[in-house]
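> In the numbering used here, the protein residues as written are 131 to 684. Ideal Cβ positions, reconstructed from N, Cα and C, are used throughout, including at glycine.
1. Measuring CA to CA, which of 320, 252, 248 and 356 is closest to residue 281?
2. Does DSSP put residue 637 in a helix, in a strand, or in coil?
3. Taking the alpha carbon of residue 411 as the reference point, which residue from 545, 352 and 434 has its own alpha carbon closest?
4. According to DSSP, is residue 615 part of a helix, a strand, or is it coil?
5. Who are the near neighbours of residue 643 in its chain, counting only those whose CB is closer than 7 Å to its CB and skipping five residues on each side?
6. Would you kindly report the start and end of the unbroken beta strand (DSSP E) that includes residue 480?
7. Could you please give the first and the last residue of the uninterrupted alpha helix (DSSP H) stretch that includes residue 153?
8. Between 361, 343, 269 and 336, which lies nearest to residue 317 when the distance is taken from Cα to Cα?
9. Please report the Cβ distance between residue 522 and residue 474, rounded to the nearest whole angstrom; I am assuming they are in contact, meaning their Cβ atoms lie under 8 Å.
10. Take the Cβ of residue 359 as the centre, count every other Cβ of all protein chains shown within 10 Å, and call the residue buried at 16 or more, exposed below.
11. Check the C-beta distance from residue 419 over to residue 394 and give it rounded, since I have them as a contact under 8 Å.
12. Does the beta-carbon of residue 490 have 16 or more other beta-carbons within 10 angstroms, so that it is buried, or is it exposed?
13. Going by beta carbon distance, what residues of the same chain come within less than 8 Å of residue 436, once the five residues before and after it are set aside?
14. Does residue 543 pass the burial test, meaning 16 or more other C-beta atoms within 10 Å, or should it be called exposed?
15. Can you tell me whether residue 357 is helix, strand or coil according to DSSP?
16. Return the Cβ separation of residue 291 and residue 322 in integer angstroms, given the expectation that the two are a contact with Cβ distance under 8 Å.
17. DSSP three-state label for residue 662, please.
18. Does the Cβ-Cβ distance between residue 352 and residue 611 come in under 8 Å?
19. Rank 466, 333, 310 and 450 by C-alpha distance to the C-alpha of residue 429 and give the top, closest one.
20. Might you give, ordered along the chain, the residues of its own chain that have their beta carbon closer than 6 Å to the beta carbon of residue 179, omitting 5 neighbours on each side?
21. Any idea if residue 450 is buried or exposed, counting beta-carbon neighbours within 10 angstroms, 16 or more meaning buried?
22. I want to know whether the region 574-582 touches the region 493-503 - three or more CB-CB distances under 8 Å.
23. Out of 212, 304, 413 and 158, state which residue places its alpha-carbon closest to the alpha-carbon of residue 584.
24. At the level of alpha carbons, what is the spacing between residue 379 and residue 263?
25. According to DSSP, simplified to helix, strand and coil, what is residue 443?
26. My output table needs one value for residue 525: the three-state DSSP class, helix, strand or coil.
27. Is it buried or exposed, residue 272, if we count other Cβ atoms within 10 angstroms and call 16 or more buried?
28. Out of 439, 552, 260 and 276, which one is the CA nearest neighbour of residue 289?
29. Under the three-state reduction of DSSP, which class applies to residue 471: helix, strand or coil?
30. Pairs of beta-carbons, one from the region 137-152 and one from the region 292-306, closer than 8 Å: are there three or more?
31. Can you tell me whether residue 507 is helix, strand or coil according to DSSP?
32. Do residue 568 and residue 391 have their C-beta atoms within less than 8 Å of each other?
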């Protein structure tokens, strides 16, 4: 059986995803066969494995950091929000229904613990180490009883827990202490210590606080990672952009030609796979911004309507803000527009949706001769082809089925004038195709922009992952981290009062009580009707049965 570690966080976006990737890259460089794992992920940024399973893009990125092929075992439960109160549940890479937050956390989440632990055990039987990522904070005491991704999985696997805090936000000492003090005694026994993320300045000024934190909790800090600029690593829950600002913190390199190329991305509601534009931002002289006002499209050389989990909602949002009319004007003037997945659907003539929004027939923007019909079965694919005379590959994640009725062929979609549309995510990561596409955009926009001939997005991604490995290797106590991974949490860690509060009548009352192990074939999970049922592949060698999740009326 392998060793392992759970990387938890004091908050969402504390840096769990990048720290997990950094640890994976550090370990694989020292010859350790390592795999990432996240039991449950909530994200609109997803990826399709070669086996046709949908997982979080963060776990795909972590697999690349570990130099292994991503699989559904690494992210068995993926929740894709469709609004404030409901999400699509993707189990072992396949969608199995929509569920309200109350329904999911009301017992059905806990019932998936058996599936989650099966996946983790299979990874542990294959790899020397498994580095798990938590979600949100382990001290979300309202959700602890049904937790399967933070202390629930750490307790099941007996993994030590490293808590990451973002010091750039402020309050990191209070966050470390409070996170620990709100856990029950048995959970606290697995919290080995802390890792400070995004520190700016002289570490010696921080050390007195770290000493006091040790005195208060009996737990050491395993490293202080400096603030690293320009890391364009795939995000999970949030969009690391400031509106009307550049993509993440990318530094815009000087243009290779005479002009820069300005790209505006419409920040539609429920935007998914916004990482599609990362490859554009990596090009010297390309400036990428996310926008939400029509006037911000005026000086753009290319406007992208990205993917979305709510196509009809995004279409209404574009119309309400005047962006739809601006897109129509651009098309009439021969100025470039690209629609990707949901954005492609928006640009078509008509959308028939009885699945996602249940809005029925809705008129699209009419910029492309395409009609979209939403199917209950989701398309999950890794297509390979050619476009603009260059090889290209991507991945597809959509319920919409496109009936293309004209225009020039473009990947799986079409092109009319300077308007392009496709369901393919990730196509711009194909270097030769991206360069050829930017030449077409520059010509239509009247810009003297020339793509750099040697930009390799794959090589840049590898450099970023190596930078993460360097951060861990240079600024963390890697010997102590390896001891944690190999041997578990130190014994005798003190209890930090007050501990977890009672969980309510009928629930565990002691400070360390864990929920009873979840059944593998849980009663109480209503079966979906046959036409809505998702077949859920199980881990190889598992003797457990499939779990289906009822699609609630919301």
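Answer, in terms of the structure:
1. Here the question's residue 281 lines up with position 151 in the chain shown. Ranking 320, 252, 248 and 356 by Cα distance to residue 281 puts 320 first.
2. Residue mapping note: residue 637 aligns to position 507 of the chain shown, counting from 1. Since pLDDT at residue 637 reaches only 38, below the 50 mark, its modelled position is unreliable, and the value read off the structure follows with that caveat. In the structure shown, residue 637 sits in coil (DSSP, three-state: anything other than H, G, I, E or B).
3. Residue mapping note: residue 411 aligns to position 281 of the chain shown, counting from 1. Of the candidates 545, 352 and 434, the one whose C-alpha sits nearest the C-alpha of residue 411 is 434.
4. Here residue 615 corresponds to residue number 485 of the chain shown, with the count starting at 1. DSSP places residue 615 in helix when its eight states are reduced to three.
5. Residue mapping note: residue 643 aligns to position 513 of the chain shown, counting from 1. Unreliable placement is indicated for residue 643, whose pLDDT of 38 sits below 50; the coordinate value is still reported in the next sentence. If we look at residue 643 and ignore the five residues flanking it on each side, its Cβ neighbours are 314.
6. Within the chain shown, numbered from 1, the residue matching residue 480 stands at position 350. Its beta strand (DSSP E) spans residues 480-483.
7. Residue numbering aside, residue 153 sits at position 23 when the chain shown is read from its first letter. Taken as a continuous stretch (DSSP letters only), the alpha helix (DSSP H) holding residue 153 covers 146-159.
8. The residue you call residue 317 lines up with position 187 of the chain shown. For the residues 361, 343, 269 and 336, the minimum Cα distance to residue 317 belongs to 269.
9. Along the chain shown, read from residue 1 onward, the residue named residue 522 stands at position 392. Along the chain shown, read from residue 1 onward, the residue named residue 474 stands at position 344. That belief does not hold up - the Cβ atoms of residue 522 and residue 474 are roughly 15 Å apart, past 8 Å.
10. The count along the chain shown starts at 1 and reaches residue 359 at position 229. The residue is exposed, with fewer than 16 neighbouring Cβ atoms inside 10 Å.
11. Taking the first residue of the chain shown as position 1, residue 419 is located at position 289. Taking the first residue of the chain shown as position 1, residue 394 is located at position 264. The Cβ separation is near 6 Å, so the contact holds.
12. Your numbering for residue 490 matches position 360 in the chain shown. Exposed, since its Cβ has fewer than 16 Cβ neighbours within 10 Å.
13. Within the chain shown, numbered from 1, the residue matching residue 436 stands at position 306. Only 395, 396, 398, 401, 402, 403, 404, 406, 407, 470, 471, 472 and 473 meet the Cβ criterion.
14. Within the chain shown, residue 543 is the residue found at index 413, counting from 1. Buried: at least 16 other Cβ atoms inside 10 Å.
15. Here residue 357 refers to the residue found at position 227 of the chain shown. Coil.
16. Stepping through the chain shown from its first residue, residue 291 is reached at position 161. Stepping through the chain shown from its first residue, residue 322 is reached at position 192. About 6 Å; that satisfies the 8 Å criterion.
17. Mapped onto the chain shown, residue 662 falls at position 532. Any reading at residue 662 must be qualified, since the residue scores a pLDDT of 31, below 50, and its modelled position is unreliable; no value is offered.
18. Translated into the one-based positions of the chain shown, residue 352 becomes position 222. Translated into the one-based positions of the chain shown, residue 611 becomes position 481. Yes, the Cβ-Cβ distance between residue 352 and residue 611 is below 8 Å.
19. Walking along the chain shown from the start, residue 429 turns up at place 299. Per the Cα distances, 466.
20. Translated into positions along the chain shown, residue 179 becomes position 49. Here the set comprises 200 and 201.
21. Counting from one through the chain shown, the residue named residue 450 turns up at place 320. So residue 450 counts as exposed.
22. no
23. Within the chain shown, numbered from 1, the residue matching residue 584 stands at position 454. It is 413 whose Cα lies nearest to the Cα of residue 584.
24. Here residue 379 corresponds to residue number 249 of the chain shown, with the count starting at 1. Here residue 263 corresponds to residue number 133 of the chain shown, with the count starting at 1. Confidence in residue 379 is poor, its pLDDT being 44 and thus under 50, which makes the residue's placement too unreliable to answer from.
25. Locating residue 443 in the chain shown gives position 313, counting from the first residue. Of the three classes helix, strand and coil, the one that applies to residue 443 here is helix, per DSSP.
26. Indexing the chain shown from 1 puts residue 525 at position 395. Correct three-state label for residue 525: strand.
27. Numbered from 1 along the chain shown, position 142 holds the residue referred to as residue 272. Looking at its Cβ environment, which holds fewer than 16 other Cβ atoms inside 10 Å, residue 272 is exposed.
28. For the purposes of this step, residue 289 is taken as the residue at position 159 of the chain shown. Ranking the options by Cα distance to residue 289, first place goes to 260.
29. If you number the chain shown from 1, residue 471 lands on position 341. Residue 471 falls in the coil class under three-state DSSP.
30. yes
31. Working through the chain shown from its first residue, we reach residue 507 at position 377. Residue 507: strand per DSSP, three-state reduction.
32. Mapped onto the chain shown, residue 568 falls at position 438. Mapped onto the chain shown, residue 391 falls at position 261. Against a cut-off of 8 Å, the Cβ pair of residue 391 and residue 568 comes out as a contact.
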